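K.L.:
For the sequence shown, the UniProt record's numbering assigns the number 1 to the initial residue and increments by one for each residue that follows.
Positions of the beta carbon are idealized from the N, C-alpha and C atoms, including for glycine.
Note that the structure is a prediction, hence the values are computed from the model and not measured.
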Amino acid sequence: MNTISIEENTAPAFKKQKLETVYSIDDSDNSDIEKDVQENRTAENDEKTDFEVPETQTHKEPTMEEIFDNFNLKRIVRENHGDPIKQICFNFVKPQNVKESEPKHEEMDCDEEKSEESDSVPTKTESFIVQTDIEFVYNQGQTHKDHEDSSNIILAISNQQVNVYDNEHCGDHLDIMSHFSAAQNDILLSACWVPAKSDSVFVTGYESGKTGIFSVAYSKEICTIEAHNDKVIDVQPHPTIPKLFLSVSLDGTTKLWDYEKNLCLCRFDYGASVSSFSKDGKYIATGSKNGEVRMWEIPDFVDFEESRNYPKIYTVEDSNLIHSGKKHYGSKNDCIRVLNGTILVKNIGGRFELFDIQSKDLIKSFNVPDNGESSCKFDVRQVNDENYVCVGNSSGSVYIFEVKTGRVVRKLSHKRSVRPVTSCVFSKSCRNLIYSNDSSFLWRYDYIDAKMMKKWESLSNSEDPKEH
1 MNTISIEENT APAFKKQKLE TVYSIDDSDN SDIEKDVQEN RTAENDEKTD
51 FEVPETQTHK EPTMEEIFDN FNLKRIVREN HGDPIKQICF NFVKPQNVKE
101 SEPKHEEMDC DEEKSEESDS VPTKTESFIV QTDIEFVYNQ GQTHKDHEDS
151 SNIILAISNQ QVNVYDNEHC GDHLDIMSHF SAAQNDILLS ACWVPAKSDS
201 VFVTGYESGK TGIFSVAYSK EICTIEAHND KVIDVQPHPT IPKLFLSVSL
251 DGTTKLWDYE KNLCLCRFDY GASVSSFSKD GKYIATGSKN GEVRMWEIPD
301 FVDFEESRNY PKIYTVEDSN LIHSGKKHYG SKNDCIRVLN GTILVKNIGG
351 RFELFDIQSK DLIKSFNVPD NGESSCKFDV RQVNDENYVC VGNSSGSVYI
401 FEVKTGRVVR KLSHKRSVRP VTSCVFSKSC RNLIYSNDSS FLWRYDYIDA
451 KMMKKWESLS NSEDPKEH
């Protein structure tokens, strides 16, 4: 992992600030919250009766439902800005076999005039294999990481801040690694990680229509793109080719970008609200404000290089309608993911719908309980051929569903978590769950096995009350 300097950043749009701007529940003025965390752990496990683990029993990896059943609130982080945390995401994108000739960040200048050489685009022979959050399949018992794996890093965006946290190397803490502040007259709306060699790079979407690309290793903005004429409400990384990302805007277009060349490769003239790539990167799925779901084919980049016509324009006639939508209040799609042969989409009313891509049939639908009308980014993880989704509602609770059945596997709630949940994510191993709400709090639940929980309770009960 790269060491982050706390020196003042020289980037034009962002600058570093003191790490004390974000603090955890350890602070003395939050002692009452820490007490609530401990009480919540105890209360949630009072109902569990199978705590005894025979000493002669061989070690056995827990099933995913056992992991979810033993989630306990471990950490609360309050960001000091007081604004809603709009989105959080782990850095699951992972480049492999990236060529040494890949341009370095310090040599990149997106505002330079493009040369004839810069008009070229990646070909199939230049594609790399990466992992995204949807592609990752959790294999129980496998916890080894290679040096390029940055899946412990998570970012959180609010109106004026991007905070990058380490979820793994700081023990029980969710500690901040890097902090950036947005330009004074702009507001952050969306973000995603993109593959990069020996670095962690993320893209941000702005209210002004710009997109910014930032390097955690260099602690600076490495590229700014005048991408759209209106708000950029969603950004997504290309799953197989580094340097490419998708931007969705309220100007009625969705665009595919090569950020190193400041080049728009494709423009989809359609009013999407959310987007998602297929695992192979050959298709994208879009949702809209009226509930429509469409599939779009990404062109062959070899054909692009031969024609040199940028951007390639697509209209609704070039798409495949999967679902026509209901066109009523609350039907706006706020999150969408392409799974194995299916599309999972959710609207702001809390209704999930799972569609078969080939037949266009509705496979399953289910609702987030007590949701009202609020937007929340969900996360999906494939585990041993089963898909699990985590999502929050407007009352501050988080639900884990089995996708194919719509069954609630676990509900996570706390008496102090009462504000609408805005984003919810699993860690790579699914042994952590982190969610954000619109009151600038991050909540982290950890898997704590029954044996450890029983040990903690025994230690707690053995303490002398007079010592407190």
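#1: Taking DSSP as the reference, what is the three-state secondary structure of Ala272?
#2: Would Arg407 be called buried (16 or more neighbouring beta carbons within 10 Å of its own) or exposed?
#3: According to DSSP, which residues form a beta bridge with Glu297?
#4: With the cut-off set at 7 Å, would you say Gly350 and Asn367 are in Cβ contact?
#5: Quick one: residues in its chain with C-beta nearer than 6 Å to the C-beta of Thr63, no 5 flanking neighbours on either side, listed in chain order?
#6: Pick out whichever of Ser219, Leu339 and Thr224 has its Cα sitting closest to the Cα of Lys261.
#7: Please name the residue, chosen from Arg78, Glu66, Asn80 and Ile85, that lies closest to Lys377 on a Cα-to-Cα basis.
#8: I need the straight-line Cα distance from Gly281 to Lys454, nearest angstrom please.
#9: Can you tell me which of the three DSSP states Asp149 falls into?
#10: From the DSSP output, in three-state form, read off Glu317 for me.
#11: In its own chain, which residues sit with a C-beta less than 6 Å from the C-beta of Asp251, not counting the 5 before and 5 after it?
#12: Measure the Cβ-Cβ separation of Ser440 and Glu79 and say whether it is below 7 Å.
#13: By Cβ distance below 6 Å, which residues in the same chain neighbour Ser394 in space, the five residues on each side in sequence not counted?
#14: May I have the straight-line CA-CA distance separating Ser178 from Cys424, to the nearest angstrom?
#15: In angstroms, rounded to a whole number, what distance separates the CA positions of Leu189 and Glu457?
#16: Taking only three categories from DSSP, how would you classify Glu66?
#17: For Ser198, does the count of other Cβ atoms within 10 angstroms reach 16, so buried, or fall short, so exposed?
#18: Using the three-state DSSP reduction, which class does Asn309 fall into: helix, strand or coil?
#19: Per the DSSP calculation, Ser365 is bridged to which residue(s)?
#20: Considering Cα atoms alone, identify which of Val409, Thr254 and Ser247 is closest to Thr315.
#21: Put Asn461 into one of helix, strand or coil per three-state DSSP.
#22: Identify whether Arg454 lies in helix, strand or coil by the three-state DSSP scheme.
#23: Check whether the Cβ atoms of Tyr435 and Val398 sit closer than 7 Å, and answer yes or no.
#24: Could you tell me the alpha carbon to alpha carbon distance between Ala191 and Glu66, rounded to whole angstroms?
#25: Please indicate yes or no: does the CB of Asn393 lie closer than 6 Å to some heavy atom of the ligand ATP?
#26: Let me check understanding here. Comparing Cα to Cα, which of Cys264, Asn432 and Arg294 lies closest to Ser278?
#27: Check each candidate in Val201, Glu221 and Val248 and name the one with the smallest Cα separation from Val242.
P.N.:
With the given structure in hand:
#1: strand
#2: exposed
#3: Tyr283
#4: yes
#5: none
#6: Distances from the alpha-carbon of Lys261 to those of Ser219, Leu339 and Thr224 put Thr224 closest.
#7: Residue nearest to Lys377 within the set Arg78, Glu66, Asn80 and Ile85 is Ile85 (criterion: CA-CA distance).
#8: 46 Å
#9: Three-state result, Asp149: coil.
#10: Of the three classes helix, strand and coil, the one that applies to Glu317 here is helix, per DSSP.
#11: His228, Asn229 and Asp230
#12: yes
#13: Around Ser394: Asn371, Gly372, Ser374 and Pro420.
#14: 21 Å
#15: 43 Å
#16: helix
#17: exposed
#18: coil
#19: Glu353
#20: Among Val409, Thr254 and Ser247, the Cα nearest to that of Thr315 is on Thr254.
#21: helix
#22: Strictly speaking, residue 454 in this sequence is Lys, with Arg absent from that position. Note: Lys454 maps to helix in three-state DSSP.
#23: yes
#24: 32 Å
#25: The ligand ATP is absent from the structure shown, which contains no ligands of any kind.
#26: Arg294
#27: Note that residue 242 is Pro in the sequence shown here, rather than Val. Measuring from the Cα of Pro242, the nearest candidate turns out to be Val201.
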